[in-house]
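Data first, discussion second: the structure below is written as structure tokens.
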Amino acid sequence: MARVYGPIYKLQLGTKLCIVVSSPELVKQVVRDHDTTFSNRNPTIADWRKLRKVFVGQMLSKINLDDGYALRKEEVHKSISHIYHDKIGTQTDVGEFAFSTVINATLRMLWGATLQGTNFGEDYRKLVAEIVYLFAKPNISDYFPVLARFDIQGIERQAKKVQSAIDKILSRAIEEQMKMLASAKNGGVQQKHERKDFLQFLLENNNNHEDGSTSFTDIVVGGTDTTATIGEWVLTELMQHPEEMIRVQEELTQIVGLNNLVEEFHFPKLHHLDAVIKETFCLHPPVPLLVPRRSSQPTIIGGYYIPKGSTIFLNAWAIQRVPSVWDDPLEFRPQRFLNPSNSFDYQGNKFQFLPFGYGRRICAGIPLAERMLFYVLASFLHSFDWKLPNDKKLDVSDKFGIVTKKNTPLIAVPTPRLSNLELYA
Numbered sequence: 406m407a408r409v410y411g412p413i414y415k416l417q418l419g420t421k422l423c424i425v426v427s428s429p430e431l432v433k434q435v436v437r438d439h440d441t442t443f444s445n446r447n448p449t450i451a452d453w454r455k456l457r458k459v460f461v462g463q464m465l466s467k468i469n470l471d472d473g474y475a476l477r478k479e480e481v482h483k484s485i486s487h488i489y490h491d492k493i494g495t496q497t498d499v500g501e502f503a504f505s506t507v508i509n510a511t512l513r514m515l516w517g518a519t520l521q522g523t524n525f526g527e528d529y530r531k532l533v534a535e536i537v538y539l540f541a542k543p544n545i546s547d548y549f550p551v552l553a554r555f556d557i558q559g560i561e562r563q564a565k566k567v568q569s570a571i572d573k574i575l576s577r578a579i580e581e582q583m584k585m586l587a588s589a590k591n592g593g594v595q596q597k598h599e600r601k602d603f604l605q606f607l608l609e610n611n612n613n614h615e616d617g618s619t620s621f622t623d624i625v626v627g628g629t630d631t632t633a634t635i636g637e638w639v640l641t642e643l644m645q646h647p648e649e650m651i652r653v654q655e656e657l658t659q660i661v662g663l664n665n666l667v668e669e670f671h672f673p674k675l676h677h678l679d680a681v682i683k684e685t686f687c688l689h690p691p692v693p694l695l696v697p698r699r700s701s702q703p704t705i706i707g708g709y710y711i712p713k714g715s716t717i718f719l720n721a722w723a724i725q726r727v728p729s730v731w732d733d734p735l736e737f738r739p740q741r742f743l744n745p746s747n748s749f750d751y752q753g754n755k756f757q758f759l760p761f762g763y764g765r766r767i768c769a770g771i772p773l774a775e776r777m778l779f780y781v782l783a784s785f786l787h788s789f790d791w792k793l794p795n796d797k798k799l800d801v802s803d804k805f806g807i808v809t810k811k812n813t814p815l816i817a818v819p820t821p822r823l824s825n826l827e828l829y830a
């Protein structure tokens with residue numbers, strides 16, 4: 406629509422006035438020049454403010470991310486071992502493996518060692534997959550609030566059922582955690598050197614179990630589905646462009662070596678993989694319209710009047726395809742991100758590249774998402790070669806939902822790549 410209606414246009418979706426911004430120049434006005442005006446979000450996710458402080462200040466500090474490396478490493482190695490022992494030479498759903506790895510590692514970090522040995526994680530993972538599916542379904546009640554009480558599509562009923570099951574699991578987890586916290590206060594069960602997980606931080610800062618359950622689910626859904634989805638897109642693009650696959654794997658061989666597994670300290674040297682990931686974000690932004698903002702007061706953007714209460718969408722999909730900004734924007738060219746004089750990061754240092762947003766409402770989980778995405782992709786690509794099944798053609802079409810997923814799952818056949826087979830144990 407940006408090609409037809411220009412860099413800014415309005416949509417009347419039911420009773421809601423929506424403004425879509427599709428150029429780097431106008432995005433700059435929204436996210437930097439008028440950041441305070443457009444830093445609000447819809448009321449349904451306004452409760453993130455308090456949660457964000459705990460999440461960013463505690464869990465996403467460099468110290469806590471470094472402390473959580475052992476948990477991430479263990480889950481990645483589990484996936485590598487599973488692929489080697491059960492999937493070599495067989496058709497494998499790559500996206501499902503990426504999703505399982507990311508969500509298991511995320512859950513381990515969020516409720517960490519305190520709940521090991523339980524089946525909470527597996528049950529919770531299945532429910533998260535179900536709720537992601539429900540989030541992706543268009544809901545007419547979002548655009549016509551007067552119809553919400555009728556729940557015409559039954560989405561609310563299904564969501565409540567899933568949320569109830571999630572609440573039961575988390576209530577059990579919270580009860581265990583509360584007992585441990587009480588025990589620690591009375592006698593010091595938890596030693597000073599032990600790492601706290603997010604569930605502990607959340608309970609120490611918020612005694613409302615219901616809010617804690619919702620907050621926990623929000624973080625897991627927001628932090629896993631997008632990461633796994635972009636990982637699947639990266640592997641899809643590499644299989645479509647085998648010359649880039651060769652470059653990435655040659656880099657991994659040179660930096661890591663075929664007698665070693667990937668470690669996080671290798672990441673800063675994996676320049677070509679970094680460029681491939683950023684190029685994939687350009688072509689397949691997982692959240693193409695980013696998270697919507699709301700205007701807290703009337704303002705002018707690009708000469709257009711924006712009423713108070715308008716919902717603002719930043720069209721990252723269109724922005725990252727502007728021909729005047731990007732040479733051959735529809736071509737897969739990772740080399741554009743290898744120029745040291747024109748560097749891009751995920752914090753929004755360039756307004757033409759905003760996969761995680763910008764300003765006050767930038768994605769809080771960037772540090773963790775970047776580490777997990779890099780770790781999963783580098784490990785999968787270093788440990789295995791990936792080929793399409795003989796009877797399969799590569800499908801690069803997408804479908805829109807809460808994130809932009811592949812229209813069909815990426816099915817590939819892995820073969821071992823490492824020299825030391827003991828590394829797959």
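Residue 658 in the working numbering sits at position 253 of the sequence shown; the count goes up by one each step and never skips. For each residue, glycine too, the CB sits at the ideal point set by N, CA and C. Fair warning: this is a prediction, and the values are worked out from it, not measured in the lab.
Per DSSP, TRP791 is one residue of the beta strand (DSSP E) stretching across 789 to 792.
Taking one beta carbon from each stretch, the stretch 672 to 680 and the stretch 695 to 707 have fewer than 3 pairs nearer than 8 Å; the two do not touch. Residue pairing for PHE718: DSSP places it in a beta bridge opposite VAL425. Residue environment: ASN747 is assigned as exposed (fewer than 16 neighbouring CB atoms within 10 Å of its CB, all protein chains considered). Here ARG766 is buried. Its C-beta has 16 or more other C-beta atoms within 10 Å.
Partner residues in the beta bridge of GLN417, as assigned by DSSP, are LEU422. Under the three-state reduction of DSSP output, ILE706 falls in the strand class.
DSSP links ASP803 through a beta bridge to LYS811. The beta carbon of ALA817 lies closer than 8 Å to those of GLN496, THR497, VAL499, LEU640, MET644, TRP791, LYS792, LEU793 and PRO794 in the same chain, with the five residues before and after it left out. Across the set GLU648, GLU684 and VAL653, the C-alpha of GLU684 shows the shortest separation from the C-alpha of ASP750. In terms of CA proximity to VAL537, VAL808 leads the group PRO814, GLU827 and VAL808. Taking a contact to require three or more Cβ pairs closer than 8 Å, the stretch 460 to 469 and the stretch 777 to 790 do not qualify as touching. Looking at LEU782, ILE660 and PHE549, the one whose alpha-carbon comes closest to that of LEU422 is PHE549. Using a C-beta cut-off of 8 Å, the stretch 666 to 674 makes no contact with the stretch 730 to 737, since fewer than three inter-stretch Cβ pairs fall below that distance.
Taking C-alpha positions only, SER824 is separated from GLY662 by approximately 9 Å.
Judged by DSSP in its simplified three-state form, ALA783 adopts helix. At a Cβ-Cβ threshold of 8 Å, LEU476 and VAL625 do not count as neighbours. For ARG726 and PHE742, the gap between their C-alpha atoms comes out near 15 Å. Taking C-beta separations shorter than 8 Å and ignoring five residues to either side along the sequence, the partners of LEU539 in its chain run ILE560, GLN563, ALA564 and VAL567, following chain order. ALA723 and SER427 have their C-alpha atoms some 6 Å from each other. Contact annotation: LEU759 and LEU719 have beta-carbon atoms nearer than 8 Å.
Assignment of beta-bridge partners to ASP556 by DSSP yields no partner.
Excluding its 5 nearest sequence neighbours in each direction, ASP528 has C-beta neighbours in its own chain below 7 Å: ILE574, listed in chain order. ARG699 has ASN445 and THR716 as its beta-bridge partners, per DSSP.
Counting the other CB atoms within 10 Å of its CB gives TYR763 a total of 16 or more, which places it among the buried residues. When the beta-carbon positions are compared, TYR709 and ILE413 come within less than 8 Å of each other. PRO647 sits exposed, since fewer than 16 C-beta atoms from the chains shown fall within 10 Å of its C-beta. Looking at PRO712, GLN417, PHE502 and GLY473, the one whose alpha-carbon comes closest to that of LEU782 is PHE502. VAL551 and LEU799 have their C-alpha atoms spaced approximately 43 Å apart. PRO819 is bridged by DSSP to TRP791. In the structure shown, ASP491 adopts helical secondary structure according to DSSP, grouped into three states. Its Cα nearest to that of GLN605, the residue LEU515 stands out among LYS811, ALA534 and LEU515.
Taking the Cβ atoms as the reference, ASN445 lies roughly 5 Å from SER701, within the contact range of under 8 Å. The closest CA to that of GLN757, considering only MET777, ASP732 and PRO745, is found on ASP732. In the three-state scheme derived from DSSP, where H, G and I count as helix and E and B as strand, ASP679 is classed as helix.
Around the beta carbon of TYR489, a 10 Å sphere encloses 16 or more other beta carbons of the protein chains shown; the residue is thus reported as buried.
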